[in-house]
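Chain order of the listed sequences is A and B. Here the first sequence stands for residues 522 to 849, where the numbers follow the numbering used here. Here the second sequence stands for residues 64 to 339, where the numbers follow the numbering used here. The beta-carbon is built from N, C-alpha and C at its ideal position, and this holds for glycine as well. Single-structure report; data block below.
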Amino acid sequence: MIKVSNLVKAFGPKLAVNDVSFTVERGEVLGFLGPNGAGKSTTMRMITGFIPPTAGRVAVGGHDLAEHPIPAKRLLGYLPENAPAYTDMTVHGFLTFVAELRGLRGGARKKAVYRAIEMCFLDAVVHQSVDTLSKGYRHRTCFAQSILHDPPVLILDEPTDGLDPNQKHEVRTLIRRMGQNKVIVFSTHILEEVDAACTRAIIIDRGKIVANGTPQELRQRSELAGAVALRVVGVPSATLTQKLRELPTVKRTLVLSEEPNATQVRVYPPSRLRDGELSASLFELALREHWKLSELKTEEGRLDEVFRSITLPDTTRGAKDDARPHER
Amino acid sequence: MPDPMSAETQLQSAPAAATLAVPAAAEGEHTHALANIWTITKRELTGYFASPVAYVFIVIFLLLSGFFTFNVGRFFLRGEASLASFFLWHPWLYLFLVPAVGMRLWSEERRLGTIELLLTLPVTAWQAIVGKFMASWIFLGLALALTFPLVFTVAYLGDPDMGMIFCGYLGSFLMAGAYLSIGSMTSAMTRNQVVSFIISVVACLVLIMAGWPPITDELTWAPPWLVETVAAFSVMPHFEGFQRGVIDSRDVFYFLAVIVFSLFTTGVILRGHRAG
Ligand SMILES: Nc1ncnc2c1ncn2[C@@H]1O[C@H](COP(=O)(O)OP(=O)(O)O)[C@@H](O)[C@H]1O
Ligand SMILES: [Mg+2]
Numbered sequence: 522m523i524k525v526s527n528l529v530k531a532f533g534p535k536l537a538v539n540d541v542s543f544t545v546e547r548g549e550v551l552g553f554l555g556p557n558g559a560g561k562s563t564t565m566r567m568i569t570g571f572i573p574p575t576a577g578r579v580a581v582g583g584h585d586l587a588e589h590p591i592p593a594k595r596l597l598g599y600l601p602e603n604a605p606a607y608t609d610m611t612v613h614g615f616l617t618f619v620a621e622l623r624g625l626r627g628g629a630r631k632k633a634v635y636r637a638i639e640m641c642f643l644d645a646v647v648h649q650s651v652d653t654l655s656k657g658y659r660h661r662t663c664f665a666q667s668i669l670h671d672p673p674v675l676i677l678d679e680p681t682d683g684l685d686p687n688q689k690h691e692v693r694t695l696i697r698r699m700g701q702n703k704v705i706v707f708s709t710h711i712l713e714e715v716d717a718a719c720t721r722a723i724i725i726d727r728g729k730i731v732a733n734g735t736p737q738e739l740r741q742r743s744e745l746a747g748a749v750a751l752r753v754v755g756v757p758s759a760t761l762t763q764k765l766r767e768l769p770t771v772k773r774t775l776v777l778s779e780e781p782n783a784t785q786v787r788v789y790p791p792s793r794l795r796d797g798e799l800s801a802s803l804f805e806l807a808l809r810e811h812w813k814l815s816e817l818k819t820e821e822g823r824l825d826e827v828f829r830s831i832t833l834p835d836t837t838r839g840a841k842d843d844a845r846p847h848e849r
Numbered sequence: 064m065p066d067p068m069s070a071e072t073q074l075q076s077a078p079a080a081a082t083l084a085v086p087a088a089a090e091g092e093h094t095h096a097l098a099n100i101w102t103i104t105k106r107e108l109t110g111y112f113a114s115p116v117a118y119v120f121i122v123i124f125l126l127l128s129g130f131f132t133f134n135v136g137r138f139f140l141r142g143e144a145s146l147a148s149f150f151l152w153h154p155w156l157y158l159f160l161v162p163a164v165g166m167r168l169w170s171e172e173r174r175l176g177t178i179e180l181l182l183t184l185p186v187t188a189w190q191a192i193v194g195k196f197m198a199s200w201i202f203l204g205l206a207l208a209l210t211f212p213l214v215f216t217v218a219y220l221g222d223p224d225m226g227m228i229f230c231g232y233l234g235s236f237l238m239a240g241a242y243l244s245i246g247s248m249t250s251a252m253t254r255n256q257v258v259s260f261i262i263s264v265v266a267c268l269v270l271i272m273a274g275w276p277p278i279t280d281e282l283t284w285a286p287p288w289l290v291e292t293v294a295a296f297s298v299m300p301h302f303e304g305f306q307r308g309v310i311d312s313r314d315v316f317y318f319l320a321v322i323v324f325s326l327f328t329t330g331v332i333l334r335g336h337r338a339g
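Here it is as structure tokens:
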């Protein structure tokens, strides 16, 4: 439905987007992740036809944005960053204006405006002027504008930015629900949103795609994925880590906490080990040594860790590792 | 016209095809263009009258027209039933008032970021440019039309040449459009309305001066052909005919050409900004 091929955008000598390619199909909710200035908004502006790419192509529903922008734009709903809206209009006037430009007339227009107002919980401010709205309401007004024509493709640039936790939750629910029969691409730098709403995530850093997969797959890339945390009662941590490191299934250990009579350690397997192999060997060791194992948990990868490790320059990554406490 | 809603619904249930059918087929493209322009014009006009600025502008316009006509133009001392003293001042009156209307056209869109909304809707840039321009032109036309009591006054005082008055209004309206289109162009250059206003006043001033006799008469050092060529680009000689009650197609063409050129340039500037 969306096909982005070798997209490049240069602002002067700076490459804001550098050779980005991906496709999104119906039913997918694609999360576009990246630190500030990564090029998320720039990519979305090219997908929606607001700015022309320096090189590369974008097609929406088979319509090339450069050659046939109007048919492509008809398929799109777009929520730009910072949710702009005409401040001299009322919410209703604004939505009616956009509906009219979407080619909706008469009863169809009324129905569409009413539906969008309802979906975005705007009933309380329908006849209020946009410049008197709180940030959350203004944001949802602009959101409402993007779904007026029930578009098959939705591009949302930071749709939960500036909303309170309840509103954030509502918007995520809305995205997930609409994502069942639409293509949705939304950008964020909040990682929980990937789990909360996405079927797939792309991580972009300094204009380049650095990861592309389901949230599950991305988590697998975490160092933490497959590591096991265990809590042992009554063994000094030095003995514990020494014994643990003698195991062939253990590559590294990290003491998480030392209580008076219990120690919590995380052990990392060497590169890829079969699922459960590490925990099985840990059980065996505990039995052999008569350790009192009070807790054993296989870690799932953590997205924030993946995110940090692949969007930071290598030098910073090294420094951060050194600063870790209790690393043995 | 096909119902866009039902077309959307079809589109939702269709299997993933290579190219999606788009609601609203190409046959209605022209009516679409006009409908889009009109929708944008309507929105802009509503926007003008939603704020007190529009009413303040109209009052200032009427007061200044009255002041120039009666005090500076000595309407009553002329002893003739015509609006010559009214139209005479329009190039100067517009010099400040029209850029004040035009300055917000695109700078406001850029400041608010709504330009990103507008240009990602299924409208072309030229539809948006024309739509916004038309709104401001209609607004000025309205302000101009509100000077109608003057027409009644001269009709009451004497026996004016109504054709001449009509020509004056037509020329004045065209000139306002030319100034406005320049305002559209300068407002596309910057998101700062004050900067847009100043550039626009300077540009309009150049258009006046280039063919204003007190200036051109001083240019004795320049070859006459050069002075005449430059003067041909000025609004003054082209507005003069209208004041005398003559509609010359070349004068009409001049104003329309300025408008088309400036609006085209507006498009080029906007495209340049988007390209980065
Ligand atoms: N119009 C522009 N002119 C110059 N540089 C720009 C422009 N828009 C974006 N950039 C630069 O491109 C980079 C990517 O920006 P952006 O796409 O907004 O990032 P993100 O949305 O991921 O935070 C940033 O370094 C930004 O400064
Ligand atoms: Mg951004």
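Next item on the list: Indicate whether at least one CB of chain A lies closer than 8 Å to the CB of Arg173 (chain B).
Entry: No, Arg173 (chain B) lies away from the interface with chain A (no Cβ there is under 8 Å from its Cβ).
Notebook entry, point to check: Who are the near neighbours of Ile271 (chain B) in its chain, counting only those whose CB is closer than 8 Å to its CB and skipping five residues on each side?
Noted result: Result list for Ile271 (chain B): Pro154, Trp155, Leu158, Ser297, Val298 and Met299, in chain order.
Next item on the list: State yes or no: is the C-beta of Gly246 (chain B) nearer than 7 Å to some heavy atom of ligand 1?
Entry: Checking the Cβ of Gly246 (chain B) against ligand 1 gives no.
Margin query: Assuming contact is defined by CB atoms lying nearer than 8 Å, are Val525 (chain A) and Val579 (chain A) in contact in what I supplied?
Written below: Result yes, Cβ atoms of Val525 (chain A) and Val579 (chain A) sit closer than 8 Å.
Check: How would you call Asp685 (chain A), buried or exposed, if buried means at least 16 neighbouring beta carbons within 10 angstroms?
Finding: The residue is exposed, with fewer than 16 neighbouring Cβ atoms inside 10 Å.
Notebook entry, point to check: Going by the beta-carbon positions, is the gap between Arg740 (chain A) and Gly822 (chain A) smaller than 8 Å?
Noted result: Yes, the pair counts as a contact, with Cβ atoms nearer than the cut-off.
Next item on the list: Could you check how far apart the C-beta atoms of Leu622 (chain A) and Leu184 (chain B) are, in whole angstroms? I think they sit under 8 Å.
Entry: By a beta-carbon distance limit of 8 Å, Leu622 (chain A) contacts Leu184 (chain B). Their separation comes to about 5 Å.
Notebook entry, point to check: Are Ala606 (chain A) and Cys663 (chain A) closer than 8 Å when you measure CB to CB?
Noted result: Taking 8 Å as the Cβ cut-off, Ala606 (chain A) and Cys663 (chain A) qualify as a contacting pair.
Checklist line | For Gln785 (chain A), three-class secondary structure by DSSP | finding: Three-state DSSP puts Gln785 (chain A) in a strand.
Next item on the list: Use the C-beta contact count for Leu600 (chain A): other C-beta atoms within 10 angstroms, 16 or more gives buried, fewer gives exposed.
Entry: Taking every protein chain shown into account, the CB of Leu600 (chain A) has 16 or more other CB atoms within 10 angstroms, so this residue is buried.
Check: Would a check of beta-carbon distances place Thr216 (chain B) closer than 8 Å to chain A?
Finding: Closer than 8 Å: no.
Check: Would you say Gln649 (chain A) faces chain B, with C-beta separation under 8 Å as the test?
Finding: Gln649 (chain A) does not count as touching chain B.
Next item on the list: Look at Phe124 (chain B) and Ser235 (chain B) and say whether their C-beta atoms are less than 8 Å apart.
Entry: No, they are not a contact pair.
Item checked: Asp825 (chain A), enclosing alpha helix (DSSP H) - first and last residue -> Element bounds for Asp825 (chain A): Leu824 to Thr832.
Check: Given a threshold of 16 other Cβ atoms within 10 Å of its Cβ, counted over all protein chains shown, does Leu597 (chain A) qualify as buried or as exposed?
Finding: So Leu597 (chain A) counts as buried.
Next item on the list: Would you kindly report the start and end of the unbroken alpha helix (DSSP H) that includes Lys656 (chain A)?
Entry: Annotation: the continuous alpha helix (DSSP H) that includes Lys656 (chain A) extends over Lys656 to Ile668.
Check: Taking 8 Å as the CB-CB cut-off, is Arg106 (chain B) touching chain A?
Finding: Closer than 8 Å: yes.
Item checked: Contained beta strand (DSSP E) runs [length at least 3] in the segment 101-162 of chain B, N- to C-terminal order -> Runs found: none.
Note to self: Any beta carbon from chain B within less than 8 Å of Gly570 (chain A)'s own beta carbon?
What the structure shows: At least one chain B Cβ lies under 8 Å of Gly570 (chain A).
Margin query: Using a Cβ distance threshold of 8 Å, determine whether the segment 690-710 of chain A contacts the segment 665-680 of chain A, with at least three qualifying pairs required.
Written below: Yes, the segment 690-710 of chain A is in contact with the segment 665-680 of chain A.
Check: Leaving out the 5 sequence neighbours to the left and right, which residues in its chain are closer than 8 Å to Asp652 (chain A) when beta-carbon positions are compared?
Finding: The beta carbon of Asp652 (chain A) is closer than 8 Å to those of Thr608 and Asp609 in its chain, skipping five residues each way along the sequence.
Check: Roughly how many angstroms separate the alpha carbons of Glu554 (chain A) and Trp200 (chain B), rounded to a whole number?
Finding: Looking at the sequence provided, one finds Leu at residue 554 (chain A) rather than Glu. Between the alpha carbons of Leu554 (chain A) and Trp200 (chain B) lies a distance of about 45 Å.
Check: Rounded to the nearest angstrom, how far is the Cβ of Ser148 (chain B) from that of Thr210 (chain B), given a contact under 8 Å?
Finding: Incorrect: roughly 13 Å between the Cβ atoms, too far for contact.
Next item on the list: Can you say whether Arg809 (chain A) is buried or exposed, counting buried as having 16 or more other CB atoms within 10 angstroms of its CB?
Entry: So Arg809 (chain A) ends up on the exposed side.
Next item on the list: State the CB to CB distance for the pair Ser743 (chain A) and Glu826 (chain A), rounded to an integer number of angstroms; the pair is presumed to be in contact (CB under 8 Å).
Entry: 5 Å between Cβ atoms; contact.
Next item on the list: Decide if Ser542 (chain A) is buried, meaning its Cβ has at least 16 other Cβ atoms within 10 Å, or exposed.
Entry: Ser542 (chain A) should be labelled exposed.
Note to self: Per DSSP, what are the beta-bridge partners of His584 (chain A) in this structure?
What the structure shows: Answer is A:Val581.
Notebook entry, point to check: Is it right to say Phe112 (chain B) is buried, meaning 16 or more other beta carbons lie within 10 angstroms of its own, or is it exposed?
Noted result: Per the 10 Å Cβ criterion, exposed.
Note to self: Which of the three DSSP states is assigned to Val647 (chain A) in this structure?
What the structure shows: Of the three classes helix, strand and coil, the one that applies to Val647 (chain A) here is coil, per DSSP.
Next item on the list: Under 8 Å between beta-carbons, which chain A residues line up against Asn255 (chain B)? List them in chain order, please.
Entry: Listed along chain A, no residue sits closer than 8 Å to Asn255 (chain B) by beta-carbon distance, the nearest being about 17 Å off.
Notebook entry, point to check: By Cβ distance, which residues of its chain are closer than 6 Å to Tyr789 (chain A), with the 5 residues on each side in sequence left out?
Noted result: Excluding positions up to five away in sequence, the list reads Ala748, Lys772 and Arg773.
Checklist line | Counterpart residues of Glu816 (chain A) in DSSP-defined beta bridges | finding: Paired residues: A:Arg752.
Margin query: Looking at Leu268 (chain B): is its Cβ nearer than 8 Å to the Cβ of Leu243 (chain B)?
Written below: Result no, Cβ atoms of Leu268 (chain B) and Leu243 (chain B) do not sit closer than 8 Å.
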